[in-house]
């Protein structure tokens, strides 16, 4: 933690630099999305553009978190709290995956079942 | 009371308490926004319509990103200034931070406003039309006129007529039925106002008795009313009031109501009818329960040795049949369990039939002429008359707009699903056929569009070549091919209206005519003089028959806008909340600064952490919503 006047002066320079990097990468993320010859993957938007856009966003977000939010030197308590939140967040992210076991959608039922869908019979495998 | 650990760190955590607090809060926020992002991913992956990728104008979002990053820097500088005990600098940096928050919200407001004013229509053949609705008014001859501005529409309309958005429905009803329970007061008043303006009255067609209690209907247990007695009572009421000067409804019992024929509509009347209706309903419930109880006792008495689950099937659960009147041989009503008030709607005849303007937001679903009625969300129903000479219902009131985008991707998707040739389906669709008054203009646009895409395809092939299998490495996307955006419309209009000869793709100067990405700040600008003079945004009249869904760019339109408004709205609330907290530090914390500057510095650090989090969420939101 920057607590001495000298350390704070030094930290301020760092904040400015990070701010500048964030500005630059914002321009970069717009450029790769709009300028044709910077377009990765196929012409127009595709999954590779999505990955690159999200990678840049993640890089920017990690700069904000580690420098502006001082997560690069924080106490253990906070890391523990954030770890739990991150795990829960990831679990939340995949909760929608339950849609894959929706019996109505996937027709994995037998005749006579109330979810039976004659248009989607089970294929024997 | 002294609050502990506001300045010094606790030994076990090594932190001052509010820092632990804010991180716990931010942890919950991570999960909140994480859940919403997950929702976005889910909606996008499973969308059954072409996702509106890169649909938002980039510039406001880009400026907002700069604004939030800048404010993140200044808020950390404000904290550093406090640590250095520089109050003046703290004030400046914090002031800039709050100004940034204000600017963010202003830009967000401009963006939201553009969405809320932008009309979208999905036609029954899955063509999507976007644009700005014209203004319309009812002319002196009772017919619809329209113009591109409100002022013009007012000037052209009949005297006293208010202009309205040309996405409203014009309906000449024979009768209007109001739901007693659900009629929405402002809509009733609006109908009344319009009827009065056009010198029409809404009157009940027949005498109505609304029984709010069993006693009014069937008498008391000691003195039951025979049906004859009730009939003579009703007849007396009719003679008393139906021909009276003062045609107001009268109570003839505790909560019952008699509404004579030709009583004029008022919301007050509906309210009174509602009281009778609700009274009747509650009575019915009581009667039903009583009948069920009686039946249960009867079955129990008949078969006392059976278990209750064996008795239950023989108990008449559906006692509805018993709710009917039961008469003895002399015609006296004995059971007295008649449904008290089955009348849930009040019907009014419009005399003479006059057009009523029904707002887009009032109706349950698009109105079709052949259905002969318009249903509002409060269950009000406007009905066309039957037979010759009666009101025809839906009037010629097409949805009229200045089109700024034609999106045929969904139509193509449906065509491909059905195994049809997309281009054929497109060129046979309503918008390019005789049914559309301006079809020639739209055909020309489509021709220009196809020419530009063909040129693009050629250029991509030239620039990137073919892969090993001989397929072009890069091809125009579905969006390129089948969405004619506002930039395209302006581009084609400019190229067509060049002095000398019209420019075609490949001609020198053709590409320069395309609007740049910073043009049209928050979307197509219909007020732009050049666009107006070019007639770049052509007029389109879509009959209500053809409309499958019409909406502004709101959550109703599709799941993209639903998730867009949900996440950005929640994020915007965070910006406002953060600005309020930071504003408190700036304007109300001088005293704390004098007493205990370190405490204030810690507060600002905690507030700053929240602010950085708000910035962090936006860093993800910007590419996801604007660039993907």
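Protein chains in written order, with the working numbering: chain A, 1 to 125; chain B, 1 to 628. All C-beta atoms, glycine included, are put in the ideal place defined by N, C-alpha and C.
Beta-carbon spacing of residue i, residue j below 7 Å
{"i": "residue 537 of chain B", "j": "residue 402 of chain B", "result": "yes"}
{"i": "residue 600 of chain B", "j": "residue 609 of chain B", "result": "no"}
{"i": "residue 92 of chain A", "j": "residue 39 of chain B", "result": "no"}
{"i": "residue 65 of chain A", "j": "residue 27 of chain B", "result": "no"}
{"i": "residue 276 of chain B", "j": "residue 203 of chain B", "result": "no"}
{"i": "residue 166 of chain B", "j": "residue 358 of chain B", "result": "no"}
{"i": "residue 511 of chain B", "j": "residue 502 of chain B", "result": "no"}
{"i": "residue 75 of chain B", "j": "residue 344 of chain B", "result": "no"}
{"i": "residue 33 of chain B", "j": "residue 67 of chain B", "result": "no"}
{"i": "residue 454 of chain B", "j": "residue 350 of chain B", "result": "no"}
{"i": "residue 170 of chain B", "j": "residue 366 of chain B", "result": "no"}
{"i": "residue 212 of chain B", "j": "residue 131 of chain B", "result": "no"}
{"i": "residue 677 of chain B", "j": "residue 472 of chain B", "result": "Since the first and last residues shown for chain B are 1 and 628, residue 677 of chain B lies out of range."}
{"i": "residue 570 of chain B", "j": "residue 482 of chain B", "result": "no"}
{"i": "residue 542 of chain B", "j": "residue 121 of chain B", "result": "yes"}
Whole-number beta carbon distance between residue j and residue i, since they are thought to touch under 8 Å
{"i": "residue 174 of chain B", "j": "residue 353 of chain B", "result": "6 Å"}
{"i": "residue 22 of chain A", "j": "residue 60 of chain A", "result": "6 Å"}
{"i": "residue 137 of chain B", "j": "residue 163 of chain B", "result": "5 Å"}
{"i": "residue 526 of chain B", "j": "residue 398 of chain B", "result": "The pair is not a contact, with the Cβ atoms about 19 Å apart (cut-off 8 Å)."}
{"i": "residue 77 of chain A", "j": "residue 14 of chain B", "result": "7 Å"}
{"i": "residue 60 of chain B", "j": "residue 110 of chain B", "result": "6 Å"}
{"i": "residue 578 of chain B", "j": "residue 101 of chain B", "result": "7 Å"}
{"i": "residue 382 of chain B", "j": "residue 176 of chain B", "result": "5 Å"}
{"i": "residue 552 of chain B", "j": "residue 125 of chain B", "result": "Rounded, the Cβ-Cβ distance is 22 Å, inconsistent with contact."}
{"i": "residue 20 of chain B", "j": "residue 598 of chain B", "result": "With 8 Å as the limit, residue 20 of chain B and residue 598 of chain B do not qualify as a contact, their Cβ atoms being about 17 Å apart."}
Outcome for residue i when other beta-carbon atoms lying within 10 angstroms are tallied against a minimum of 16
{"i": "residue 43 of chain A", "result": "buried"}
{"i": "residue 639 of chain B", "result": "Outside the displayed span of chain B (1 to 628) sits residue 639 of chain B, for which this structure offers no information."}
{"i": "residue 393 of chain B", "result": "buried"}
{"i": "residue 161 of chain B", "result": "buried"}
{"i": "residue 321 of chain B", "result": "Per-residue confidence for residue 321 of chain B stands at a pLDDT of 43, beneath the threshold of 50, marking its modelled position as unreliable; the derived number appears in the next sentence. Label assigned to residue 321 of chain B: exposed."}
{"i": "residue 83 of chain B", "result": "buried"}
{"i": "residue 217 of chain B", "result": "buried"}
{"i": "residue 303 of chain B", "result": "exposed"}
{"i": "residue 420 of chain B", "result": "exposed"}
{"i": "residue 73 of chain A", "result": "exposed"}
{"i": "residue 558 of chain B", "result": "buried"}
{"i": "residue 11 of chain B", "result": "exposed"}
{"i": "residue 622 of chain B", "result": "buried"}
{"i": "residue 77 of chain B", "result": "buried"}
{"i": "residue 535 of chain B", "result": "exposed"}
{"i": "residue 46 of chain B", "result": "exposed"}
{"i": "residue 236 of chain B", "result": "exposed"}
{"i": "residue 437 of chain B", "result": "exposed"}
{"i": "residue 576 of chain B", "result": "exposed"}
{"i": "residue 435 of chain B", "result": "exposed"}
{"i": "residue 550 of chain B", "result": "buried"}
{"i": "residue 52 of chain A", "result": "buried"}
{"i": "residue 644 of chain B", "result": "Missing from the structure shown is residue 644 of chain B; chain B here goes from 1 to 628 and no further."}
{"i": "residue 463 of chain B", "result": "exposed"}
{"i": "residue 596 of chain B", "result": "exposed"}
{"i": "residue 9 of chain A", "result": "exposed"}
Bridge partner(s) assigned by DSSP for residue i
{"i": "residue 224 of chain B", "result": "B:219"}
{"i": "residue 373 of chain B", "result": "B:383"}
{"i": "residue 145 of chain B", "result": "B:137"}
{"i": "residue 132 of chain B", "result": "B:402"}
{"i": "residue 14 of chain A", "result": "In DSSP, residue 14 of chain A forms no bridge with anything."}
{"i": "residue 541 of chain B", "result": "B:400"}
{"i": "residue 171 of chain B", "result": "B:356, B:394"}
{"i": "residue 259 of chain B", "result": "B:208"}
{"i": "residue 121 of chain B", "result": "B:129, B:550"}
>> Under 8 Å, CB to CB, which of the residues in the region 40-72 of chain B have a partner in chain A?
In response: 41, 42, 46, 53, 54, 58, 62, 65, 66, 69, 70, 72
* Near-chain A residues of the region 469-495 of chain B - C-beta to any C-beta below 7 Å -> 474, 475, 476, 477, 479, 480
Under 7 Å (Cβ pairs) to chain A, residues found in the region 406-440 of chain B = none
Can you list, in chain order, the residues of the region 607-621 of chain B whose Cβ is nearer than 7 Å to any Cβ on chain A? 609, 612, 615, 616, 619, 620
(Q) Please identify, using Cβ separations under 8 Å, the residues of the region 27-53 of chain A that lie next to chain B, in order along the chain. (A) 29, 30, 33, 34, 42, 43, 44, 45, 49, 50, 53
What are the residues in the region 509-537 of chain B lying within 9 Å of chain A by C-beta distance? 517
**Request:** Compile a chain-ordered list of the residues in the region 3-27 of chain B whose CB is closer than 7 Å to at least one CB of chain A.
**Result:** 13, 14, 15, 20, 23, 24, 27
query: Between the region 73-105 of chain B and chain A, which residues of the former have a C-beta closer than 7 Å to a C-beta of the latter?
result: 73, 76, 77, 80, 83, 84
message = Taking beta-carbon pairs under 8 Å, can you tell me which members of the region 60-73 of chain A lie near chain B?
response = 60, 61, 64, 65, 68, 69
| task | Output, in sequence order along the chain, the residues in the region 572-588 of chain B whose CB is closer than 7 Å to any CB in chain A. | result | none
query = What residues from the region 5-18 of chain A come within 9 Å of chain B, judged by C-beta to C-beta, listed N to C?
reply = 5, 8, 9, 11, 12, 15, 16, 18
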